[in-house]
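Visitor:
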Amino acid sequence: MRVSKFGGAVDPTARLESRQLWPPSVLSAIARYEGFLRQPGRPLYLPWPDCPCCDVVDARDTLQLALDQLPPLSRAALQELVSRLDADLRRRSLPDPDAPRDNEWQAAHWWRRRLHEPWPGW
Numbered sequence: 004m005r006v007s008k009f010g011g012a013v014d015p016t017a018r019l020e021s022r023q024l025w026p027p028s029v030l031s032a033i034a035r036y037e038g039f040l041r042q043p044g045r046p047l048y049l050p051w052p053d054c055p056c057c058d059v060v061d062a063r064d065t066l067q068l069a070l071d072q073l074p075p076l077s078r079a080a081l082q083e084l085v086s087r088l089d090a091d092l093r094r095r096s097l098p099d100p101d102a103p104r105d106n107e108w109q110a111a112h113w114w115r116r117r118l119h120e121p122w123p124g125w
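Using the working numbering, the letters of the sequence shown map in sequence onto residues 4 to 125.
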């Protein structure tokens, strides 16, 4: 088993990935989220993804799943990192005033209700 980047000798993140996600989905999600936030400019508009591997919303969803499932020590370390990234996303992106409130999936988390870039071809 991997040594955890987020606390503990045996990596609960690797255990979670092997049971519910795919290795190394949490580190990949962190890299995608950080990569999106490294872009210059403000505001940042969420891209319309071609695939989940490029989707910042999917990355944040993966991190939320990990936060919901990890034991307290690992969760606390990951939460510290995710909170910093979330603060940057909130600061550099805009809420979507037209985001449907009756769509349960979209309404469940704030990062799903940020403005996207214009739809290709519009």
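All residues carry an ideal CB built from backbone N, CA and C; glycine is no exception.
Please classify Pro103: does DSSP put it in a helix, a strand, or coil?
Guide: Three-state DSSP puts Pro103 in coil, outside helix and strand.
Visitor: Using a Cβ-Cβ cutoff of less than 7 angstroms, which residues in the same chain neighbour Arg63 once the five nearest sequence positions on both sides are dropped?
Guide: For Arg63, where only same-chain residues beyond five positions count, the Cβ hits under 7 angstroms are Tyr36, Trp114.
Visitor: Roughly how many whole angstroms lie between the Cα atoms of Asp89 and Leu66?
Guide: Cα to Cα, Asp89 sits roughly 11 angstroms from Leu66.
Visitor: Rounded to the nearest angstrom, what separates Leu97 and Glu120 at their Cα positions?
Guide: Whole-angstrom Cα-Cα distance: 11 angstroms.
Visitor: Going by beta-carbon coordinates alone, are Ala102 and Arg116 separated by less than 7 angstroms?
Guide: Closer than 7 angstroms, so yes.
Visitor: What are the residues that DSSP puts in a beta bridge with Arg117?
Guide: Looking at the DSSP assignment, Arg117 forms a beta bridge with Pro98.
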